[in-house]
Amino acid sequence: MKAIAIIPARMNSSRYPGKPMAKIHGIPMIGHCFYRVKMCIDIKEVYVATCDDEIFNYIESIGGNAIMTSNTHERASDRTAEAMVKIEKVTGEVTDIVVMVQGDEPMITPEMISDALGPFENNDAINVVNLMANMESIEEFEDPNEVKVVVDNASNAVYFSREPIPSRKKGYSSVPMLKQVCVIPFKRDYLLKFNQMDETELERIESVDMMRIIEHGEKVHMVLNNTPTYAVDTEQDKIKVESLMSGDPLLIKYK
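Once you know that position 214 of the sequence shown is 198 in our numbering, the rest is easy, because the numbers rise by one and skip nothing.
Have a look at this one:
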């Protein structure tokens, strides 16, 4: 099984413009993502897909592979698919698995990538995997920037929302509080199929593209990984993550 990783990134984030180049411990956030994904032994190569010269030039300056993509993409998966096709044309090789890693996950670890790839080894029916993690606080559970997920007994997603799900208003003192972690491996052909599916109503309402798969009657397999990690959606998130990454042993391994 041959796997590549693609990190889609753009400067024009609605919630935090310019965040891929926001510095954490002196290194742009997209650099942290790139270096850490590249450490995964199960990934053949890592690429950053962007429509911005600033990101493209930075990744090339640190010896990375950058792919210029259209500036019209609304979804990270669209940018990832375009980059994958361009990469295959350049390399002359067709990949098996494409791991889409969001560029706002600077605390990602190589082991998280490997864990997300694991289910493909033993189950041919799996087409797409998402990591998930437990949330430790009600504040995080109620944060609309965190995508929550509920799963069935086979660890397939039942529903995604930016609202707190399941409900805590029915007299239960404790409910499962799971969040999506944006490490998302797709089978190559399924990524192309996904991008050809019609956008769905609940996908738009929840602003979560994985809902498209569920609404089309297909499965998103979830893998629990409780490595501490936080996505950066605001300046306050960046400050929190910078503090949490102080002394991170992976920092000294960047090269």
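All C-beta atoms, glycine included, are put in the ideal place defined by N, C-alpha and C.
Query	Result
Quick test of the definition: if touching needs 3 or more C-beta pairs under 8 Å, does the region 132 to 145 touch the region 40 to 47?	no
Would you tell me roughly how many angstroms separate the C-alpha atoms of G155 and P148, rounded to the nearest one?	15 Å
Taking DSSP as the reference, what is the three-state secondary structure of A117?	strand
By Cβ distance below 6 Å, which residues in the same chain neighbour T53 in space, the five residues on each side in sequence not counted?	A33, C35, R63, E66, A67
According to DSSP, P169 sits in a beta bridge with which residue or residues?	V83
Could you give the residue range of the alpha helix (DSSP H) that holds L228?	219 to 228
With burial defined as no fewer than 16 other Cβ atoms inside 10 Å of the residue's Cβ, what is the status of M161: buried or exposed?	buried
What is the C-beta distance between M5 and I11, in whole angstroms, given that I count them as a contact (C-beta under 8 Å)?	About 10 Å; that fails the 8 Å criterion.
Quick check: the Cα distance between E29 and I71, rounded to an integer number of angstroms?	10 Å
Could you give the distance in angstroms between the alpha-carbon of V78 and the alpha-carbon of A60?	20 Å
Could you check whether Q220 and C166 sit closer than 8 Å to each other, using their CB atoms as the reference points?	no
When burial is assigned at 16 or more other CB atoms within 10 Å of the CB, is L101 buried or exposed?	buried
In the structure shown, what three-state DSSP assignment does M5 receive?	helix
Residues bridged to N140 by DSSP?	H205
Just confirm the distance between the C-beta atoms of V113 and I168, as a whole number of angstroms; I'd bet it's less than 8 Å.	7 Å
Within a Cβ cutoff of 7 Å, which residues of the same chain sit near Y174, ignoring the five residues on either side of it in sequence?	N111, V112
According to DSSP, is N111 part of a helix, a strand, or is it coil?	coil
If you drop the 5 nearest sequence neighbours on each side, which residues of the same chain put their C-beta closer than 8 Å to that of P128?	R146, E147
Using only the alpha-carbon positions, how far apart do I197 and R172 sit?	15 Å
Could you tell me how far apart the beta carbons of V21 and A(-7) are, in whole angstroms, since I believe they sit closer than 8 Å?	At roughly 12 Å, the Cβ-Cβ gap does not stay under 8 Å, so V21 and A(-7) are not in contact.
Using the Cβ count rule (16 or more neighbours within 10 Å means buried), how would you classify M(-15)?	exposed
Compare the beta carbon distance of I8 and V142 with 8 Å and say whether it is the shorter of the two.	no
So if DSSP puts A100 in a beta bridge, which residue, or which two residues, is it bridged to?	Paired residue(s): none; A100 is not in a bridge.
Just to confirm my understanding: we take P90, look at its own chain, exclude 5 residues before and 5 after, and list those with CB closer than 8 Å. What are they?	I8, M13, H16, C17, R20, V216, V225, M229
By DSSP's criteria, N55 is part of a beta bridge. Which residues make up the other side?	Paired residue(s): none; N55 is not in a bridge.
Going by DSSP in three states, Y31 sits in which element: helix, strand or coil?	strand
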